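**Q** Starting off with a structure, shown below.
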Amino acid sequence: MNIAGVFNNLFKEPIPIADWYTTGIAVVLIFIIIIIAYYLKQIFVFWKEEWSRKFVHICTGILAAIAPYYFNSAILLLSISLLFLILDFTFIKKGILKDIFGQRFSYGTVYFPLANILLIIFCWPDYKHLITLGMLLFAIPDALAAVAGNLIRRNYIFVPIKDKKSIVGSTIMFLFSLIIIYIFFYTFSKDNYGLLLHYAFMAALIITVVEMMSSSGSDNLYVPITGVLIFFIFQNSSNDLIMQIGLAILLSLIIAIISFHLKFLSLSGSLMTFLLAVAIFGLGGLQWAVPILTFFILSSLLSKAGKSRKQKFKNTFEKTGIRDHIQVLVNGGIGGFFVIISYFYNGNNAIFFYLYLISLSVAVADTWATEIGILFKWKPYLITTFKKVNPGLSGAVSLHGTIGGILGSTIIAYSGIIFLNKLNYDLFFIIIFLGVFGSIIDSILGATIQGQYVCSVCKKYTEKKIHCNYETKLIRGYKFINNDTVNFLSILFTVSIFILFN
16 MNIAGVFNNL FKEPIPIADW YTTGIAVVLI FIIIIIAYYL KQIFVFWKEE WSRKFVHICT
76 GILAAIAPYY FNSAILLLSI SLLFLILDFT FIKKGILKDI FGQRFSYGTV YFPLANILLI
136 IFCWPDYKHL ITLGMLLFAI PDALAAVAGN LIRRNYIFVP IKDKKSIVGS TIMFLFSLII
196 IYIFFYTFSK DNYGLLLHYA FMAALIITVV EMMSSSGSDN LYVPITGVLI FFIFQNSSND
256 LIMQIGLAIL LSLIIAIISF HLKFLSLSGS LMTFLLAVAI FGLGGLQWAV PILTFFILSS
316 LLSKAGKSRK QKFKNTFEKT GIRDHIQVLV NGGIGGFFVI ISYFYNGNNA IFFYLYLISL
376 SVAVADTWAT EIGILFKWKP YLITTFKKVN PGLSGAVSLH GTIGGILGST IIAYSGIIFL
436 NKLNYDLFFI IIFLGVFGSI IDSILGATIQ GQYVCSVCKK YTEKKIHCNY ETKLIRGYKF
496 INNDTVNFLS ILFTVSIFIL FN
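When the count follows this note's numbering, it moves up by one through the sequence shown with no breaks and lands on 517 for the last residue.
This is the structure in structure tokens:
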């Protein structure tokens with residue numbers, strides 16, 4: 016995917032006259048689609064607002080899918096998407112077009128042109144078929160899944176994050192994604208039909224899970240981007256790597272199901288774990304899989320230790336016990352990003368593996384310091400004042416917690432460097448040091464900028480915004496910064512320090 020190529024087209028090549036005519040036709044067609052959606056609701060009594068929204072969804076998606084083949088330059092195609100992104104955002108904020116699309120709040124109409132813009136930037140002009148693939152995945156499976164989920168009454172409903180999902184809707188999403196991706200594999204790949212069906216099955220499964228995880232219309236962005244990324248990887252990888260991804264999907268599915276059953280993770284946490292594990296196990300192999308598996312298994316078991324003692328802190332911590340998708344993403348998301356970047360560097364740049372280990376080292380040091388620290392009755396010290404405070408307070412540190420963090424970082428460092436051709440003891444100790452350093456940064460941020468509250472009823476300090484059924488009072492930090500934000504910032508800061516000095 017040549018990002019430089021599109022900018023060369025944008026600024027160096029003149030725009031053909033024909034593209035201006037095509038742009039005018041495209042804009043007129045979009046407005047005609049919106050007008051038709053409006054009158055369908057007015058003419059037919061049984062017509063639902065949801066159907067109008069999906070009518071526009073499907074028609075504009077198909078229009079975006081075929082558009083690359085009618086434009087010679089990307090600039091006007093990008094301009095149309097940018098125009099409608101701005102218009103859609105304005106309409107949502109001002110409540111315009113509610114007569115057509117109803118009262119349901121969603122940024123879906125903003126995410127769609129954003130997805131189209133990103134695909135054009137990264138795929139134009141050499142991979143136009145990927146733009147088409149992404150837009151078709153947006154237009155057809157996603158829309159039909161929503162319609163089917165609402166129409167069929169006998170339907171199991173579940174809520175992974177915020178939006179309601181259904182078994183029927185997810186099944187439709189999977190089947191139509193499978194069909195579309197198989198057609199594209201059949202058209203653009205040379206492997207045998209059975210193998211292509213296997214590839215399409217894996218891709219459709221991942222896309223379906225991504226759709227399950229979406230909310231407020233974000234699937235309009237994530238589904239096209241994910242589908243295109245998977246197709247590109249499959250199309251440009253060896254059969255051995257694709258089989259490794261297949262094995263990763265199976266292993267990740269087992270881990271996600273067991274973790275949900277044992278209540279290590281919530282439903283959203285299990286789905287996010289599946290996606291991260293597929294990326295890390297599939298693209299990174301055993302070398303990348305062992306460290307995060309070590310972190311996940313040991314940390315999950317540690318979270319169950321001293322359960323009765325930890326119950327005392329359920330009203331102090333914002334989140335306790337079962338981990339959700341945000342916690343999974345915060346701890347493993349940066350590592351997942353590095354494995355994907357490493358893939359595009361053909362796995363030749365070891366720096367990404369080092370950064371991956373450092374991110375996990377920080378995550379495990381912070382997790383273990385907290386989990387072990389609250390097991391003891393001794394009062395910790397607030398890191399900014401060194402005054403004794405109650406266990407569980409954000410920014411509190413203790414000797415036993417710190418030792419636990421060092422132990423966790425040591426285990427992660429060892430689980431990674433054993434895969435290097437030559438044991439690098441300098442790297443080993445750097446990973447441990449940075450893990451503990453990141454944990455200290457986490458404590459400093461927790462004691463300063465993380466939102467800390469006091470309950471107006473029981474007067475206890477807490478991370479929760481609601482306590483004893485009443486809204487708590489902010490006494491320190493910022494409302495928009497919680498423990499997940501602090502964890503992410505500490506990992507990002509520590510990784511950045513390593514990059515800066517290398």
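The beta carbon of each residue, even a glycine, is placed where N, CA and C say it ideally should be. What you are looking at is a predicted structure, and each value in this text was computed from that prediction instead of being measured.
State yes or no: is the C-beta of M228 within less than 8 Å of the C-beta of L286?
**A** yes
**Q** Starting from Q342, trace the alpha helix (DSSP H) in both directions and tell me its first and last residue.
**A** Its alpha helix (DSSP H) spans residues 340-359.
**Q** What are the boundary residues of the alpha helix (DSSP H) that includes L422?
**A** 414-432
**Q** Can you tell which of K278, N346, D255, H144 has the C-alpha that lies nearest to the C-alpha of L522?
**A** There is simply no residue 522 to check, as the chain begins at 16 and stops at 517 in what is shown.
**Q** Determine the DSSP secondary structure at K488, reduced to helix, strand or coil.
**A** strand
**Q** Taking a contact to mean a Cβ-Cβ separation below 8 Å, would you say G453 touches S505 in this structure?
**A** yes
**Q** So, using beta-carbon positions, are V469 and I427 closer together than 8 Å?
**A** no
**Q** Under the three-state reduction of DSSP, which class applies to L241: helix, strand or coil?
**A** Looking at the sequence provided, one finds Thr at residue 241 rather than Leu. Here T241 sits in helix by DSSP.
**Q** Could you check which residue in S274, K437, I264 has the C-alpha nearest to that of L290?
**A** I264
**Q** Leaving out the 5 sequence neighbours to the left and right, which residues in its chain are closer than 7 Å to A79 when beta-carbon positions are compared?
**A** N131, M150
**Q** Assign F59 to one of three DSSP states: helix, strand, or coil.
**A** coil
**Q** With distances taken from CA atoms, which of T382, E386, L92, P175 is nearest I136?
**A** Per the Cα distances, L92.
**Q** If distances are taken between C-alpha atoms only, which option among F104, P140, L308, K108 comes closest to P128?
**A** F104
**Q** Mind checking A161: buried by the 16 CB within 10 Å criterion, or exposed?
**A** By the neighbour-count rule (16 or more Cβ atoms within 10 Å), A161 is buried.
**Q** Apart from the five residues on each side of it in sequence, which residues of its chain come closer than 7 Å, Cβ to Cβ, to I77?
**A** Within the same chain, I77 has close Cβ partners A154.
**Q** Using a Cβ distance threshold of 8 Å, determine whether the segment 62-71 contacts the segment 44-52, with at least three qualifying pairs required.
**A** yes
**Q** Ends of the beta strand (DSSP E) at V469?
**A** 467-469
**Q** Take V343 as the anchor and find which of I58, A82, T500 has the nearest alpha-carbon.
**A** T500
**Q** Taking Cβ positions, are K278 and I341 nearer each other than 8 Å?
**A** no
**Q** Report yes or no: do three or more beta-carbon pairs, one from the segment 468-487 and one from the segment 348-361, lie closer than 8 Å?
**A** no
**Q** CB-CB under 7 Å to Y214, same chain, minus the five flanking residues each way: which ones, in chain order?
**A** F200, F249, I257
**Q** Return the CA-CA distance between W303 and S424, expressed in angstroms with no decimal places.
**A** 16 Å
**Q** What span of residues does the alpha helix (DSSP H) with I182 cover, start to end?
**A** 182-203
**Q** Between T13 and the rest of its own chain, which residues show a CB-CB distance below 8 Å, the 5 nearest in sequence each way excluded?
**A** Residue 13 is absent from the structure shown; the chain starts at 16 and stops at 517.
**Q** When the Cα atoms are used, what is the spatial distance from Y142 to S409?
**A** 49 Å
**Q** Between which two residues does the alpha helix (DSSP H) containing I447 stretch?
**A** Here the alpha helix (DSSP H) through I447 covers 440-463.
**Q** Starting from the C-beta of L212, find all residues in its chain whose C-beta is less than 7 Å away, skip the five residues before and the five after it, and write them out in chain order.
**A** Y197
**Q** Can you say whether V43 is buried or exposed, counting buried as having 16 or more other CB atoms within 10 angstroms of its CB?
**A** In this structure V43 is exposed. Its beta-carbon is surrounded by fewer than 16 other beta-carbon atoms within 10 angstroms.
**Q** Report buried or exposed for L316, applying the criterion of at least 16 other Cβ atoms within 10 angstroms of its Cβ.
**A** Of the residues assessed, L316 falls on the exposed side of the cut-off, its CB having fewer than 16 other CB atoms within 10 angstroms.
**Q** Could you tell me how far apart the beta carbons of T487 and K480 are, in whole angstroms, since I believe they sit closer than 8 Å?
**A** 6 Å
**Q** Buried or exposed for F310, going by 16 or more other Cβ atoms inside 10 Å?
**A** buried
**Q** In the DSSP assignment, what residue or residues form a beta bridge with K403?
**A** Y396
**Q** Using only the alpha-carbon positions, how far apart do S88 and F247 sit?
**A** 23 Å
**Q** Just verifying my parser: in three-state terms, what is the DSSP assignment at N498?
**A** N498 falls in the helix class under three-state DSSP.
**Q** How close, in whole Å, do the beta carbons of S192 and I222 come, if the pair is a contact with beta carbons under 8 Å?
**A** S192 to I222, Cβ: 5 Å. Contact.
**Q** Given a threshold of 16 other Cβ atoms within 10 Å of its Cβ, counted over all protein chains shown, does I176 qualify as buried or as exposed?
**A** buried
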